[in-house]
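Residue numbers (my numbering), protein chains in the order written: chain A, -2 to 314; chain B, -2 to 314. C-beta atoms are modelled at their ideal positions from N, C-alpha and C, and glycine is treated no differently. The structure appears below as structure tokens.
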């Protein structure tokens, strides 16, 4: 059995054929061309999916379904993209439109949900029944799998895990509230706080790390300079871990998953990030030592998470 | 079909026979006598349940199951009370022990979960599939029903909705963290904040309301005096609504339930509490007007929520 996996992004669409073990048999990508309008984009996508069959020698009759991950507010039951800033789509009947080209079951879900399901079924979470995944990127996205089933909330509008306030009246968040996890634990927030620390400490080694150009600060700057003993860099890292830990404790107390999976660029820090986070959450989660252990894990599927996750809408649950 | 419903509390145990429509046919209560040890307590409970049959004329053979709500950390799959401060129980095999007296299916769940399920099946939430319930009392308890099934988290240790931090480094919470919803939105917190406001404003009408005795402050004091135009009382109410609203927005963004049900003594304020809360959450929840509406409702089962909820472990899901 093969599944078409589709990972729609603002600039590019990744697509592939995934087998039932979660292995990508063949993959390719096309530019999204958001300006072209959804009918053109979806027609182009359909052609590319058929081309994957030609190129791989897998007959279309061997493909049993199409799974799609898409950014924005998705209604997965109706197969609709209600709205997506990245794609500039409103009320797009994605599944119906793609059915013009394929007589196959088709599912679509939010990209963060799909990534969480992919990690649950084939990645870091595959040994568990209940997992929560957080992606630390430009924003903070979340996905929740309960009893091996993706939980999406009413009309698929739940699990906005980046948008829970941890600092009342704190930093302004992209969602309009103040003090959300996203406003403190995203890569964007880490970069903001790194820059603030540098401006306060002209002697920090972070200045040397970025060649004196504050615009070159990224999510690694503070972590890397903290390793060399730089005080201000260490403060940035400590604060970041405390805010992220606060968010993770909240998720743990709410879901008490068997495992909490972290994804996104910041996770390249590996144990450097995980070790202090583990200490923090074990110290503060509800019930302390008496409560069931929650594993903290780094996501394993990397850039393929979207494709494999999309396919796992049919393979995993 | 009849179900025994049992609502175990620190000082008393309520028990009853509930029919399949959620109606209590007969009920009674006994003191918990926590010092007596669990074997004695459970034997006593068993006798009282049999007495309910005698008193009501319902044959034991007509009762098909026993549902129990119990405070503390419950493992509902194993039927164990892992620990309960109120009962001073640790590792009590509640279901196994009660099976010595009844050859019936028996389930136990945490009391906040059971109340949430009861409201979902027979109370304010009965028209919905996904509901979240928050009880504002001495603490803040929560329960979550997803797709008409109680969600409890791994080893039934999730949905500690009172213990999510909304104010980083805020007021100390009973759980050891700082700034949890419970530390701001419980009746205990409301009373604390009312007293602080009174001490700052010796001219507040709240002093007259409690006859000059600050120890008589309760959860109504600020709400009632705000109605008379007292500035300090109104500030307490406004702050309370803002903190509670912050918590509710977090729950909404995470679960996006169809309805969020509020229980506990503070809810006697009715629309006085709900109207500003509705305004707050609609203003700040993720996605604004584009997101699915979430009803805010007051719990309907009152003091019977525990009994009916316990029975609904067998009637509702």
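Integer Cβ distance of residue i from residue j, believed to fall under 8 Å
i, j, result
"residue 133 of chain A", "residue 194 of chain A", "At roughly 19 Å, the Cβ-Cβ gap does not stay under 8 Å, so residue 133 of chain A and residue 194 of chain A are not in contact."
"residue 252 of chain B", "residue 62 of chain B", "That belief does not hold up - the Cβ atoms of residue 252 of chain B and residue 62 of chain B are roughly 28 Å apart, past 8 Å."
"residue 315 of chain A", "residue 141 of chain A", "There is no way to answer for residue 315 of chain A, as the model of chain A reaches only from -2 to 314."
"residue 282 of chain B", "residue 249 of chain B", "5 Å"
"residue 171 of chain A", "residue 136 of chain A", "6 Å"
"residue 115 of chain A", "residue 305 of chain A", "4 Å"
"residue 76 of chain B", "residue 103 of chain B", "7 Å"
"residue 274 of chain A", "residue 238 of chain A", "6 Å"
"residue 13 of chain B", "residue 23 of chain B", "6 Å"
"residue 162 of chain A", "residue 139 of chain A", "Actually they do not touch by this definition, with Cβ atoms about 15 Å apart."
According to DSSP, residues forming a beta bridge with residue i
i, result
"residue 99 of chain B", "Residue 99 of chain B is not bridged to any residue."
"residue 89 of chain A", "A:78"
"residue 256 of chain A", "A:128 and A:292"
"residue 332 of chain A", "Absent from the model: residue 332 of chain A. The displayed extent of chain A is -2 to 314, so no value can be given."
"residue 107 of chain A", "A:67"
"residue 283 of chain B", "The partner list for residue 283 of chain B (beta bridge, DSSP) is empty, contrary to what the question assumes."
"residue 24 of chain A", "A:13"
"residue 311 of chain B", "According to DSSP, residue 311 of chain B bridges with nothing at all."
"residue 62 of chain A", "A:0"
"residue 175 of chain B", "B:169"
"residue 5 of chain B", "B:10"
Burial state of residue i (16 or more Cβ within 10 Å)
i, result
"residue 160 of chain B", "buried"
"residue 174 of chain A", "buried"
"residue 91 of chain A", "buried"
"residue 210 of chain B", "exposed"
"residue 235 of chain B", "exposed"
"residue 51 of chain B", "exposed"
"residue 179 of chain B", "buried"
"residue 301 of chain A", "buried"
"residue 19 of chain A", "buried"
"residue 30 of chain B", "exposed"
"residue 225 of chain A", "exposed"
"residue 70 of chain A", "buried"
"residue 109 of chain A", "buried"
"residue 255 of chain A", "buried"
"residue 285 of chain B", "exposed"
"residue 144 of chain A", "exposed"
"residue 72 of chain A", "buried"
"residue 88 of chain B", "exposed"
"residue 127 of chain A", "buried"
"residue 272 of chain B", "exposed"
"residue 8 of chain B", "exposed"
"residue 266 of chain B", "buried"
"residue 287 of chain B", "exposed"
"residue 362 of chain A", "Look at the range of chain A in this structure, -2 to 314, and you will see that residue 362 of chain A is not part of it."
"residue 247 of chain A", "buried"
"residue 130 of chain A", "buried"
"residue 326 of chain B", "Residue 326 of chain B is absent from the structure shown; chain B starts at -2 and stops at 314."
"residue 164 of chain B", "buried"
Contact list for residue i against chain B, beta-carbon separation under 7 Å
i, result
"residue 283 of chain A", "157, 160 and 172"
"residue 154 of chain A", "253, 284, 288 and 289"
"residue 269 of chain A", "Near residue 269 of chain A there are no residues of chain B at all, since even the closest Cβ is about 23 Å away, more than 7 Å."
Chain-ordered chain B contacts of residue i [CB-CB under 8 Å]
i, result
"residue 70 of chain A", "284, 287 and 288"
"residue 255 of chain A", "151"
"residue 107 of chain A", "Near residue 107 of chain A there are no residues of chain B at all, since even the closest Cβ is about 12 Å away, more than 8 Å."
"residue 1 of chain A", "Ordered by position in chain B, no residue passes the 8 Å Cβ test against residue 1 of chain A, which lies about 28 Å from the chain."
"residue 127 of chain A", "150 and 151"
9 Å Cβ cut-off: residues of chain B touching residue i
i, result
"residue 221 of chain A", "By Cβ distance, chain B contributes nothing, its closest Cβ being about 26 Å from residue 221 of chain A, past 9 Å."
Per-residue contacts from residue i into chain A (C-beta, under 9 Å)
i, result
"residue 75 of chain B", "Simply none; closest approach about 12 Å."
Closer than 7 Å at the beta carbon, the chain A residues around residue i
i, result
"residue 243 of chain B", "162 and 165"
"residue 145 of chain B", "Residues of chain A passing the Cβ test: none, with the nearest at roughly 13 Å."
"residue 247 of chain B", "161 and 162"
Cβ-heavy atom distance, residue i to the ligand ADP, below 7 Å
i, result
"residue 273 of chain B", "Absence of the ligand ADP from the depicted structure is noted, as is the absence of any ligand whatsoever, leaving it without description."
Proximal residues of chain A, C-beta to C-beta of residue i below 8 Å
i, result
"residue 235 of chain B", "By Cβ distance, chain A contributes nothing, its closest Cβ being about 14 Å from residue 235 of chain B, past 8 Å."
"residue 80 of chain B", "287"
Chain D contact for residue i (CB, 8 Å cutoff)
i, result
"residue 83 of chain A", "The question asks about chain D, but that chain is absent: this structure's protein chains are A and B."
Which runs of the beta strand (DSSP E), 3 residues or longer, sit entirely within the segment 123 to 168 of chain B? 128 to 133, 137 to 143 and 146 to 148
Quick one: which unbroken beta strand (DSSP E) runs of 3-plus residues sit fully inside the segment 205 to 265 of chain B? Chain order, please. 256 to 260
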